[in-house]
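For the sequence shown, this note's numbering gives the first residue as 1271, with consecutive numbering after it.
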Amino acid sequence: MPTINLPNGEGRIEAFATSAPRDFPRATPPFPRVALAAAHVVADPLAEQDPWLDVKIDWDRTIAYRRYLWSLGLGVAEAMDTAQRGMGLDWAGAQQLIRRSLDAMKEVPGAVMASGAGTDHLTPGPDVTVDDVIRAYEEQCEAVEAMGGRIILMASRALAKAAKSPADYERVYGRILSQVRQPVIIHWLGEMFDPALEGYWGNHDHMAAMETALAVIHAHAEKVDGVKISLLDDKKEIAMRRRLPRGVRMYTGDDFNYAELIAGDEHGHSDALLGIFDPIAPAVGGALAALSRNDLSTFHDILAPTVPLSRHIFKAPTRFYKTGVVFMAWLNGHQDHFVMVGGQQSTRSIQHFSELFRLADKAGLLRDPDLAVARMRTLLTVHGVA
1271 MPTINLPNGE
1281 GRIEAFATSA
1291 PRDFPRATPP
1301 FPRVALAAAH
1311 VVADPLAEQD
1321 PWLDVKIDWD
1331 RTIAYRRYLW
1341 SLGLGVAEAM
1351 DTAQRGMGLD
1361 WAGAQQLIRR
1371 SLDAMKEVPG
1381 AVMASGAGTD
1391 HLTPGPDVTV
1401 DDVIRAYEEQ
1411 CEAVEAMGGR
1421 IILMASRALA
1431 KAAKSPADYE
1441 RVYGRILSQV
1451 RQPVIIHWLG
1461 EMFDPALEGY
1471 WGNHDHMAAM
1481 ETALAVIHAH
1491 AEKVDGVKIS
1501 LLDDKKEIAM
1511 RRRLPRGVRM
1521 YTGDDFNYAE
1531 LIAGDEHGHS
1541 DALLGIFDPI
1551 APAVGGALAA
1561 LSRNDLSTFH
1571 DILAPTVPLS
1581 RHIFKAPTRF
1591 YKTGVVFMAW
1601 LNGHQDHFVM
1611 VGGQQSTRSI
1621 QHFSELFRLA
1631 DKAGLLRDPD
1641 LAVARMRTLL
1651 TVHGVA
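Right, here's the structure in full:
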């Protein structure tokens, strides 16, 4: 197996010998858990643009990656923050992404997809009212449903700024849930992912905020398929999971503790809607196949080495995790460049990428070590590391 010299984080260069990629069990849906991968978008590196201002997407490669996820038995959570929604990808681009993905899904038997609807076309500000937020949510929900899509009701920066109390959240969510055609997934995205969402649900204390979220869900349980909480705290997720109405799923958004949460306990389990499922998709498919056979030992054996990788990709500042997701896609040959929407390939250091490379190798997720080493050497050269 090839060897590469990598920075060790202590100002020195050390040789690292890669390992053979892991041969994961064949993914054979249906799985005992719903598993949605929040998929990234592939930028067009040849387009004339100002990367911090313009969004140019390579649609062929972007849709090809969704086909890859479906081929492994995973569902796709479309136009979420992994696709840099509200962080480079605007609502117009998100609509095009959703439409193209829905068209592609029709050609894949058994494929599952749900799409983000939010308020990101409404710029938060002192003049934005709760009624403005409602209208913005209605516009996006109507657009997704008109395309034939299922809705993931995303958290709203505009609502976080406009709301004066938990009652405003109850009013907004009550209005939207009363109108949707099919049950939705409610997404509670924590401030570690998006600082603008600090104090969501009308309270800076997560447990107090949870009371408001649960009140909304219980009041409209027939319109809620599930709730995804992204707080990176397994205890909070379990506490909320145990209080959900019967039939409402908990979709883990915990990229630190997903293995145990998906496995569950005597009181229940979490399904999953995760950004980390994008780069570790082969391991997820294999682990869920093992879970289908009630083989918890293999399930944990596969996912355990992916957890340090995930914790590294999602380390603070967590909002930069998307860079690691795209880096993995490049290393594994799913795209022929490491260029991101908004130029976000620059948000992590060469030391970060080097450790990510090591952890991906240890998890058995570098599917072609020779290619991965060649590409990593290219990045090292760009950073002046010989």
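We treat Cβ as the ideally placed atom computed from N, Cα and C, and that holds for glycine.
| field | Residue nearest to alanine 1437 in terms of C-alpha spacing, selected from Trp1471, Ala1428, Thr1273, Val1655 | value | Walking along the sequence shown from the start, residue 1437 turns up at place 167. Answer by Cα proximity: Trp1471.
| query | Beta carbon of leucine 1359, beta carbon of valine 1398: below 7 Å? | reply | Translated into positions along the sequence shown, residue 1359 becomes position 89. Translated into positions along the sequence shown, residue 1398 becomes position 128. Cβ atoms of leucine 1359 and valine 1398: not closer than 7 Å.
| said: According to DSSP, is glutamate 1377 part of a helix, a strand, or is it coil? | reply: As a first step, residue 1377 is located in the sequence shown; it is residue number 107 there, counting from the start. Looking at glutamate 1377 - three-state DSSP - the assignment turns out to be coil, as it is neither helix nor strand.
| field | Status (buried if at least 16 other CB within 10 Å, exposed otherwise) for lysine 1498 | value | Position 228 of the sequence shown holds residue 1498. Buried is the call here.
| task | Please name the residue, chosen from Glu1530, Val1414, Thr1393, that lies closest to arginine 1370 on a Cα-to-Cα basis. | result | Here the question's residue 1370 lines up with position 100 in the sequence shown. Arginine 1370 has its Cα closest to that of Val1414, out of Glu1530, Val1414, Thr1393.
| If you draw a straight line from the C-alpha of lysine 1506 to the C-alpha of methionine 1477, how long is it? | Locating residue 1506 in the sequence shown gives position 236, counting from the first residue. Locating residue 1477 in the sequence shown gives position 207, counting from the first residue. Their Cα atoms are separated by approximately 7 Å.
| alanine 1559 and isoleucine 1572: beta carbons closer than 7 Å? | Within the sequence shown, residue 1559 is the residue found at index 289, counting from 1. Within the sequence shown, residue 1572 is the residue found at index 302, counting from 1. Not in contact: alanine 1559 and isoleucine 1572 (Cβ atoms no closer than 7 Å).
| What residue does the alpha helix (DSSP H) around glutamate 1507 start on, and which one ends it? | In the sequence shown, counting from the first residue as 1, residue 1507 sits at position 237. Element bounds for glutamate 1507: 1504-1511.
| task | Could you tell me the distance, in whole angstroms, from the CA atom of aspartate 1535 to the CA atom of glycine 1517? | result | As a working note, residue 1535 is residue 265 in the sequence shown. As a working note, residue 1517 is residue 247 in the sequence shown. Approximately 17 Å, taken between the alpha carbons.
| field | 7 Å Cβ cutoff met for proline 1639 and methionine 1271 | value | Translated into the one-based positions of the sequence shown, residue 1639 becomes position 369. Translated into the one-based positions of the sequence shown, residue 1271 becomes position 1. Cβ atoms of proline 1639 and methionine 1271: closer than 7 Å.
| task | To the nearest angstrom, report how far apart leucine 1636 and leucine 1650 are at their CA atoms. | result | Translated into the one-based positions of the sequence shown, residue 1636 becomes position 366. Translated into the one-based positions of the sequence shown, residue 1650 becomes position 380. Answer to the nearest angstrom: the Cα atoms are 17 Å apart.
| field | N-terminal and C-terminal residue of the beta strand (DSSP E) that leucine 1543 is part of | value | Sequence index remark: in the sequence shown, residue 1543 carries index 273 (1-based). Its beta strand (DSSP E) spans residues 1541-1544.
| message | Suppose contacts are defined by Cβ-Cβ distances below 7 Å. Is histidine 1310 in contact with alanine 1347 by that definition? | response | Indexing the sequence shown from 1 puts residue 1310 at position 40. Indexing the sequence shown from 1 puts residue 1347 at position 77. Not a contact, by the Cβ cut-off of 7 Å.
| query | Taking the alpha carbon of isoleucine 1583 as the point to measure from, which residue in Leu1561, Asp1525, Ala1387 has its own alpha carbon closest? | reply | The count along the sequence shown starts at 1 and reaches residue 1583 at position 313. Checked all of Leu1561, Asp1525, Ala1387; the closest Cα to isoleucine 1583 is Asp1525.
| request: Quick one: using the 10 Å Cβ neighbour count with 16 as the cut-off for buried, is aspartate 1328 buried or exposed? | output: The residue you call residue 1328 lines up with position 58 of the sequence shown. Aspartate 1328 is buried by the Cβ-count criterion.
| query | Expressed to the nearest angstrom, what Euclidean distance is found between the alpha-carbon atoms of leucine 1447 and alanine 1485? | reply | Here residue 1447 is taken as the residue at index 177 of the sequence shown, counted from 1. Here residue 1485 is taken as the residue at index 215 of the sequence shown, counted from 1. So the alpha carbons of these two residues sit roughly 13 Å apart.
| said: Given this structure, state the Cα-to-Cα distance separating glycine 1555 from valine 1403, to the nearest angstrom. | reply: As a position in the sequence shown, residue 1555 is number 285, starting the count at 1. As a position in the sequence shown, residue 1403 is number 133, starting the count at 1. For glycine 1555 and valine 1403, the distance between alpha carbons rounds to 38 Å.
| query | Just to check, is the beta-carbon of valine 1577 closer than 6 Å to a non-hydrogen atom of the ligand GDP? | reply | Within the structure as shown, the ligand GDP is missing, as the structure has no ligands at all.
| message | I'd like the span of the beta strand (DSSP E) that includes alanine 1287, first residue to last. | response | The sequence position of residue 1287 within the sequence shown is 17, counting from 1. 1283-1287 is the span of the beta strand (DSSP E), which, as asked, contains alanine 1287.
| said: Just to check my reading of the structure: leucine 1306 and leucine 1579 have Cβ atoms closer than 8 Å, yes? What is that Cβ distance to the nearest angstrom? | reply: Numbered from 1 along the sequence shown, position 36 holds the residue referred to as residue 1306. Numbered from 1 along the sequence shown, position 309 holds the residue referred to as residue 1579. Incorrect: roughly 19 Å between the Cβ atoms, too far for contact.
| task | Check each candidate in Gln1319, Val1312, Val1382 and name the one with the smallest Cα separation from serine 1341. | result | For the purposes of this step, residue 1341 is identified with residue 71 of the sequence shown, where counting begins at 1. Ranking the options by Cα distance to serine 1341, first place goes to Val1382.
| query | Mind pulling the beta strand (DSSP E) runs of 3 or more residues that sit fully within the segment 1346-1393? | reply | Unbroken beta strand (DSSP E) stretches of 3 residues or longer found wholly inside the segment 1346-1393: 1383-1387, given in chain order.
| said: Could you give the first and the last residue of the continuous beta strand (DSSP E) run that contains leucine 1339? | reply: To locate residue 1339, count along the sequence shown from 1; it is residue 69. No beta strand (DSSP E) holds leucine 1339; the alpha helix (DSSP H) holding it covers 1329-1341.
| request: Answer with buried or exposed for asparagine 1564, where buried requires no fewer than 16 other C-beta atoms within 10 angstroms of its C-beta. | output: The residue given as residue 1564 occupies position 294 in the sequence shown. Asparagine 1564 should be labelled exposed.
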